Amino acid sequence: MRIACFWFVLATALGLLSAVARAQESPYFVTYDHHMEEPGNVEIETSGTSGIPRAGQHFFLAPYTEFEYGVTARWTSEFYLEGQTTAGDSTVFTGWRIENRYRPLKREHLVNPVLYLEYENINEASKILKEVEGAAPNLSSPNALLRQEKDHELEGKLILSSDAHDWNLAGNFIVAKNFSQNEGVEFGYAAGFSRPLATLASAEKCRFCRENFSAGLEFYGGLGSTLSFGLNDTAHFVAPVMAWMVSDDATLKFSIGFGLTHESAPVLLRFGYNYEIQGIGGKLSRLFGGNP
Amino acid sequence: MIAGLCAALLIPLAVGQNLLYWPDPTWRPPESATAKPNPLANRPAAAAGGKKLFLRECAECHEKDGNGIARKHSADLQLPVVQQQTDGALFWKITNGDTGRGMPSFSKLPERERWQIVLFLRTLRPAEQAH
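From first to last, the protein sequence lines are chains A and B.
When we follow the working numbering, the leftmost residue of the first sequence carries the number 1, and every step to the right adds one.
When we follow the working numbering, the leftmost residue of the second sequence carries the number 1001, and every step to the right adds one.
Next comes the structure, spelled out in structure tokens:
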């Protein structure tokens, strides 16, 4: 519970601090589309994944904070810190990740590819389920045991995404190699579609107008590995997703994922709060008396 | 006269206005895009929503009145070189961005919202200086 309180306080404090920012976020939690961070901007997102357990498992809450920076208009870099608390067990820090997304094509096309590369330095107690690949995650063992198993993992994704008639359609194919364990090369997928609830902006500033909401559905799961390719012993989820732009600078996101196989957690609740700080370089320069 | 010219150039530069903006010659919409009419052209009131979107999405680089920022090499949207473009061309540029020069794509906005921004761009008062 302490870690949940810490994340809540952090999100609230940062939200209050972000005076100049902007947000128009995709509602997805797992699926990536082709929209990149604006160059020079930083987006800070605090999210949590919570699992409602099967018999023999425990309720868990896995918060993570993500710092996303637009290096250029076609290159976005992200850094994650993550933790996890399990009811009746313990609260643990589960590691960090760094990822880069690069969009090779300059213009919008019918299908827009993005190349994704991530390095993960986490342990097996990680339960944020930011992506699902390989076999189903272990949700039953105690944290003390899981955190001893380190994962140094390199992960690549091919992201294909399309905007058509205000709908976004996106599909991700995932390939991951854990260098700490002999698991072969693991595979996974994520796909989703979403749409804003209104497509015409009203003249007035409003928070509950339909234009500030977008909704969709995403699917994600594992496809086994080179040692055992296929759907055997894999987790799969279908999850309605919703995003609400609560102010010009912040978006709240929510999702309920339903496990489709016995190996999946029956229900995954996800929530996220993100906000964007524009022109972070200039702001830091001004802060230290420079001339941005 | 020279002093006047210098003042005309330097004062806007001093406040950040990008009168020296020169468009990227490779950033050209296809003819099919240029010819597209604005579907909201007969709904001028929608420009107010476009202004709201402009302030949220575009003002960071183009300033609230569309002057542009010389440091960012962002376009002064009041200049004839911008205002003479068709609605379809402006829509295409908002949609695709000019990623080589740092302008991101705004295809994440619904199509009608992008057209609303085009409507608003037409309300920006053109600068007196001809380019």
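Yeah, the Cβ is synthetic: ideal placement off N, Cα and C, and Gly gets one too.
Remember, predicted model here, so these are calculated numbers, not experimental data.
- Query: From the beta carbon of methionine 242/A, is the nearest beta carbon of chain B less than 9 Å away?
  - Reply: Here residue 242/A is taken as the residue at index 242 of the first sequence, counted from 1. Output row for methionine 242/A: interface = no.
- Start and end residues, alpha helix (DSSP H) containing isoleucine 122/A: Your numbering for residue 122/A matches position 122 in the first sequence. Taken as a continuous stretch (DSSP letters only), isoleucine 122/A belongs to no alpha helix (DSSP H), being part of the beta strand (DSSP E) at 112–123.
- Would you verify that the beta carbon of asparagine 172/A is, or is not, closer than 9 Å to some beta carbon of chain E? Among the protein chains of the structure shown, namely A and B, there is no chain E.
- Item | Validate contact between the stretch 117–131 of chain A and the stretch 89–107 of chain A using beta carbons, cut 8 Å, 3 pairs | yes
- For glutamine 1032/B, the three-state DSSP class (helix, strand or coil): If you number the second sequence from 1, residue 1032/B lands on position 32. The identity of residue 1032/B in the sequence shown is serine, whereas the question assumes glutamine. In the structure shown, serine 1032/B sits in a helix (DSSP, three-state: H, G or I).
- Item | Per-residue contacts from leucine 115/A into chain B (C-beta, under 8 Å) | Counting from one through the first sequence, the residue named residue 115/A turns up at place 115. Correct list: empty, because the minimum Cβ distance to chain B is about 15 Å.
- Message: Below 8 Å, how does it come out for the stretch 146–164 of chain A and the stretch 105–117 of chain A: are there three or more Cβ pairs, yes or no?
- Response: yes
- Query: Starting from tryptophan 1115/B and walking both ways along the alpha helix (DSSP H), at which residues does that stretch end?
  - Reply: Sequence index remark: in the second sequence, residue 1115/B carries index 115 (1-based). Start and end: 1111–1121.
- Compare the C-beta of methionine 1001/B with all C-beta atoms of chain A and state if any pair is closer than 9 Å. Here residue 1001/B refers to the residue found at position 1 of the second sequence. Any reading at methionine 1001/B is ruled out, since the residue's pLDDT is 46, under 50, leaving its predicted position unreliable.
- Message: Considering Cα atoms alone, identify which of Gly1066/B, Arg1122/B, Arg1056/B and Lys1052/B is closest to glutamine 1084/B.
- Response: Your numbering for residue 1084/B matches position 84 in the second sequence. Here the closest residue by C-alpha is Arg1122/B.
- Counting only beta-carbon atoms, is alanine 203/A nearer than 9 Å to chain B? Numbered from 1 along the first sequence, position 203 holds the residue referred to as residue 203/A. Yes, because at least one Cβ of chain B sits closer than 9 Å to the Cβ of alanine 203/A.
- Item | Cα-Cα separation between glutamate 298/A and asparagine 100/A, rounded to whole angstroms | Here chain A has residues from 1 to 292 only, and residue 298/A is not among them.
- Query: So, helix, strand or coil for lysine 315/A, using DSSP?
  - Reply: Because chain A in this structure spans residues 1 to 292, residue 315/A falls outside the shown range and cannot be described.
- Measuring only between beta-carbons, confirm whether glycine 1066/B sits less than 9 Å from chain A. Stepping through the second sequence from its first residue, residue 1066/B is reached at position 66. So no, glycine 1066/B is outside the interface.
- Item | Under 9 Å between C-beta atoms of glutamine 57/A and serine 180/A | On the first sequence, residue 57/A is found 57 positions in, with the first residue counted as 1. On the first sequence, residue 180/A is found 180 positions in, with the first residue counted as 1. Contact check for glutamine 57/A against serine 180/A fails: the beta carbons are separated by 9 Å or more.
- Message: Helix, strand or coil for isoleucine 107/A? Go by DSSP, reduced to three states.
- Response: Position 107 of the first sequence, counted from the first residue, corresponds to residue 107/A. With the sequence shown as reference, residue 107/A is identified as arginine, and isoleucine is not the correct amino acid for it. In this structure, arginine 107/A counts as coil in the three-state DSSP scheme.
- Task: Please list the partners that arginine 1112/B has in chain A, where partner means a Cβ-to-Cβ separation under 7 Å.
- Result: One-based indexing of the second sequence puts residue 1112/B at position 112. Those are Thr199 and Leu200, listed as they occur along chain A.
- Using beta-carbon positions only, say whether glycine 279/A and glutamate 1060/B come within less than 9 Å of one another. If you number the first sequence from 1, residue 279/A lands on position 279. If you number the second sequence from 1, residue 1060/B lands on position 60. Yes; because the gap between Cβ atoms is below 9 Å, this pair is in contact.
- Item | Interface partners of aspartate 218/A on chain B, CB under 7 Å | Working through the first sequence from its first residue, we reach residue 218/A at position 218. Here the sequence assigns glutamate to residue 218/A, which means aspartate is not the residue at that position. From the beta-carbon of glutamate 218/A, no residue of chain B is found nearer than 7 Å; the closest lies around 16 Å away.
- Could you tell me which chain B residues have their CB closer than 8 Å to the CB of glutamine 278/A, listed as they occur along the chain? As a first step, residue 278/A must be located in the first sequence, where it is residue number 278. The contacting residues are Glu1060.
- Item | Rounded C-alpha distance that separates proline 1029/B from proline 1037/B | For the purposes of this step, residue 1029/B is identified with residue 29 of the second sequence, where counting begins at 1. For the purposes of this step, residue 1037/B is identified with residue 37 of the second sequence, where counting begins at 1. Whole-angstrom Cα-Cα distance: 14 Å.
- Measure the C-alpha to C-alpha separation of glycine 51/A and alanine 1075/B and round it to an integer number of angstroms. By 1-based counting over the first sequence, the position of residue 51/A is 51. By 1-based counting over the second sequence, the position of residue 1075/B is 75. C-alpha separation (whole angstroms): 49 Å.
- Query: Does the beta-carbon of leucine 1040/B have 16 or more other beta-carbons within 10 angstroms, so that it is buried, or is it exposed?
  - Reply: If you number the second sequence from 1, residue 1040/B lands on position 40. With 16 or more Cβ atoms within 10 Å of its Cβ, leucine 1040/B is classed as buried.
- Message: Please state the DSSP three-state secondary structure of lysine 1093/B.
- Response: Taking the first residue of the second sequence as 1, we reach residue 1093/B at position 93. Correct three-state label for lysine 1093/B: helix.
- Query: Is asparagine 274/A close to chain B, meaning its C-beta is less than 9 Å from at least one C-beta of that chain?
  - Reply: Residue numbering aside, residue 274/A sits at position 274 when the first sequence is read from its first letter. So, not an interface residue.
- Kindly list, in the order they appear in chain A, the residues whose Cβ is closer than 7 Å to that of serine 1105/B. Counting from one through the second sequence, the residue named residue 1105/B turns up at place 105. Going along chain A in sequence order, the residues near serine 1105/B (Cβ under 7 Å) are Glu108.
- Does the beta carbon of valine 1118/B sit closer than 9 Å to a beta carbon anywhere in chain A? As a first step, residue 1118/B must be located in the second sequence, where it is residue number 118. So, not an interface residue.
- Who are threonine 76/A's beta bridge partners in DSSP? Counted from its first residue, the first sequence places residue 76/A at position 76. Note: threonine 76/A sits in a beta bridge opposite Gly70/A and Arg101/A.
- Item | Partners in chain B for glutamate 38/A, counting only beta-carbon separations shorter than 7 Å | Start at 1 with the first residue of the first sequence, and residue 38/A comes out as number 38. Simply Pro1104.
- Task: Return the bridge partner residues of asparagine 178/A from the DSSP annotation.
- Result: What you label residue 178/A is simply residue 178 of the first sequence in a count that begins at 1. According to DSSP, which records beta bridges pairwise, asparagine 178/A is partnered with Glu153/A.
- How many Å lie between valine 304/A and leucine 227/A at the Cα? Only positions 1 to 292 of chain A appear in this structure, which leaves residue 304/A out of reach.
- Message: Run through the DSSP bridge pairs and tell me what proline 240/A is partnered with.
- Response: Position 240 of the first sequence holds residue 240/A. DSSP output for proline 240/A lists Leu217/A as bridge partner(s).
- Task: Evaluate phenylalanine 187/A with the Cβ neighbour count: other Cβ atoms within 10 Å of its Cβ, from every protein chain shown; 16 or more gives buried, anything less gives exposed.
- Result: Against the first sequence, residue 187/A aligns to sequence position 187. So phenylalanine 187/A counts as buried.
- Query: Mind checking if glutamine 1099/B is an interface residue toward chain A, Cβ cutoff 9 Å exclusive?
  - Reply: If you number the second sequence from 1, residue 1099/B lands on position 99. Here residue 1099/B turns out to be threonine, not glutamine, going by the sequence shown. By this cut-off, threonine 1099/B is an interface position.
- Amino acids of chain B, ordered along the chain, whose beta-carbon sits closer than 7 Å to that of arginine 210/A: Indexing the first sequence from 1 puts residue 210/A at position 210. Neighbours of arginine 210/A on chain B: none; closest Cβ ~11 Å, over 7 Å.
- Message: Within 9 Å of any Cβ in chain B, is that where the Cβ of proline 27/A sits?
- Response: Translated into positions along the first sequence, residue 27/A becomes position 27. No, proline 27/A lies away from the interface with chain B (no Cβ there is under 9 Å from its Cβ).
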